[in-house]
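Novice:
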Amino acid sequence: MRFSVLFAFGLVTNVAIASVCKPRPSDSSSASSVESVTLSISATAPTTTVAAETTTATSADLSTTFASTVGDETTTEAIGAATTTETSVTVDFSTTIETTGTAETATTDAITTAATTTAETTTADATTTTADSFVPIPTFDVLAIGAQVDGQKLRGHVTTDYEMGWNLDRTPPILAFSIDPDTNQVKEVNGNHLCLQYGDPNEDYPNFLKLCDPGSVTNIDIGLGMVTCEQTRDRRLECSAPAAQCVEDDMTRMVTCSALPGTFTGFYTYSGMSEGITLVMGPESNGPTGTAYQSVDLGIGPASQ
933 MRFSVLFAFG LVTNVAIASV CKPRPSDSSS ASSVESVTLS ISATAPTTTV
983 AAETTTATSA DLSTTFASTV GDETTTEAIG AATTTETSVT VDFSTTIETT
1033 GTAETATTDA ITTAATTTAE TTTADATTTT ADSFVPIPTF DVLAIGAQVD
1083 GQKLRGHVTT DYEMGWNLDR TPPILAFSID PDTNQVKEVN GNHLCLQYGD
1133 PNEDYPNFLK LCDPGSVTNI DIGLGMVTCE QTRDRRLECS APAAQCVEDD
1183 MTRMVTCSAL PGTFTGFYTY SGMSEGITLV MGPESNGPTG TAYQSVDLGI
1233 GPASQ
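Rendered as structure tokens:
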């Protein structure tokens, strides 16, 4: 799109200076003078620099001379003709206008930075956590957590076929155990293993924990199961044994042992015997009931012997 900018500089002057006309004296001595008045009008059109067209403004000096005769009494009219000048400047605004100015040279110093790569050696401190640094206790004592024997260590005879527990007659020694890492079977330090003798829940005869000879056959059919355990990171024992029961026939007095679904994982104290408080096992979620039973957990600590 083109825009026409019209710069018009016009001066129209029609000056008439008149007075009452009187006859011009013929006397040459009459003093008269002619004053020449010059009016100078300068118009400068701004310079606009464009890429396509360049318009250079010009300065136009317009001069108008007025001649007036000034006498002592008479004044003749002087008419000056004024010239009207129109300057038309066309600027094409469709082109890109480039600004012409003082070209300043910016000098950029090239700074060379030598990048030095430093290999930093980061030493990671080994943070000791319970999970990472857990080391099972090689030989440990067992102590009760909860129930009426809380904090007391487990005692028993080191020979086979005896119950173990707390507050037992004749105060047997504290039992110390270790766990076979391959089979998870629990072995008393004198060589016997931890076993479970199955009872009859209908006759309130619980499943007693005892020591058994490692060479003996452990089988549900004969009412004897092997107990396996693991040490936890919070220093407790988690143990299990195959679930079973041994029921005596009322007529024949014969005992028949049979497997039950699942495993026994719960520990209980049993106070129904005169020898003291014994350790028994049963189902954890639906264990034996009655005032003679209390649930108990088993903690461990380094063997005191």
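Under the working numbering, the first residue of the sequence shown is numbered 933, with each subsequent residue one higher.
Note that beta-carbon positions come from the ideal geometry of N, C-alpha and C, so glycine has one too.
Given the structure is predicted, the values throughout are model-derived calculations rather than measurements.
#1: Here's the rule I'm using: 16 or more other beta-carbon atoms within 10 Å means buried, otherwise exposed. How should S1172 be labelled?
#2: Please report whether the beta-carbon of W1098 lies at a distance below 8 Å from any beta-carbon of chain D.
#3: Among V1081, V1074 and I1106, which residue has its Cα nearest to the Cα of G1088?
#4: Name the one or two DSSP bridge partners that S1190 has.
#5: Exposed or buried, P1220, counting other C-beta atoms within 10 Å across all chains shown (16 or more means buried)?
#6: Taking the straight line between their C-alpha atoms, what separation do you get for Y1225 and D1114?
#7: What's the gap between the Cα of G1131 and the Cα of S1217?
#8: Taking 8 Å as the cut-off, does the segment 1077 to 1084 touch the segment 1177 to 1191 (at least 3 CB pairs, one atom from each stretch)?
#9: Is DSSP giving A1108 helix, strand or coil here?
#10: Put Q1117 into one of helix, strand or coil per three-state DSSP.
#11: One question on the structure: do T1208 and L1100 come within less than 8 Å of each other, judged by their Cβ atoms?
#12: Can you tell which of P1193, E1162, E1135 and C1144 has the C-alpha that lies nearest to the C-alpha of V1187?
#13: Looking at the structure shown, is E1162 part of a helix, part of a strand, or coil, going by DSSP?
#14: Return helix, strand or coil for S962, following the three-state DSSP convention.
#15: What's the gap between the Cα of S1065 and the Cα of R1165?
#16: Under 8 Å Cβ to Cβ from T883, same chain only, skipping five residues before and after it: list those, please.
#17: Within the segment 1206 to 1236, note down every full beta strand (DSSP E) run reaching 3 residues or more, in order along the chain.
#18: Which residues in the same chain have their Cβ closer than 7 Å to the Cβ of A1235, if we skip the five residues on either side of it in sequence?
#19: Hey, could you find the ends of the beta strand (DSSP E) D1082 is sitting in?
#20: How far does the beta strand (DSSP E) with L1143 in it reach, from first residue to last?
#21: My guess is that V1212 and P1138 are in contact by the Cβ rule of under 8 Å, so how many angstroms apart are they, rounded?
Specialist: Quick answer:
#1: buried
#2: The structure shown contains no chain D; it holds only a single protein chain.
#3: I1106
#4: Q1177
#5: buried
#6: One alpha carbon belongs to Y1225, the other to D1114, and they sit about 33 Å apart.
#7: 18 Å
#8: no
#9: Reduced to three states, the DSSP call for A1108 is strand.
#10: Q1117: strand per DSSP, three-state reduction.
#11: The sequence shown places Gly at residue 1208, not Thr. In this structure, L1100 lies closer than 8 Å to G1208 by Cβ.
#12: E1135
#13: Three-state DSSP puts E1162 in a strand.
#14: For S962, the pLDDT reaches just 37, beneath the cut-off of 50, and the residue's location in the model is therefore unreliable, leaving the point undetermined.
#15: Whole-angstrom Cα-Cα distance: 9 Å.
#16: In the structure as shown, the chain starts at 933 and stops at 1237, and residue 883 therefore has no counterpart that could be examined.
#17: 1208 to 1214, 1225 to 1227 and 1229 to 1234
#18: T1071, F1072, D1073 and A1108
#19: From DSSP, D1082 is part of no beta strand (DSSP E); its letter is neither H nor E.
#20: N1139 to C1144
#21: 4 Å
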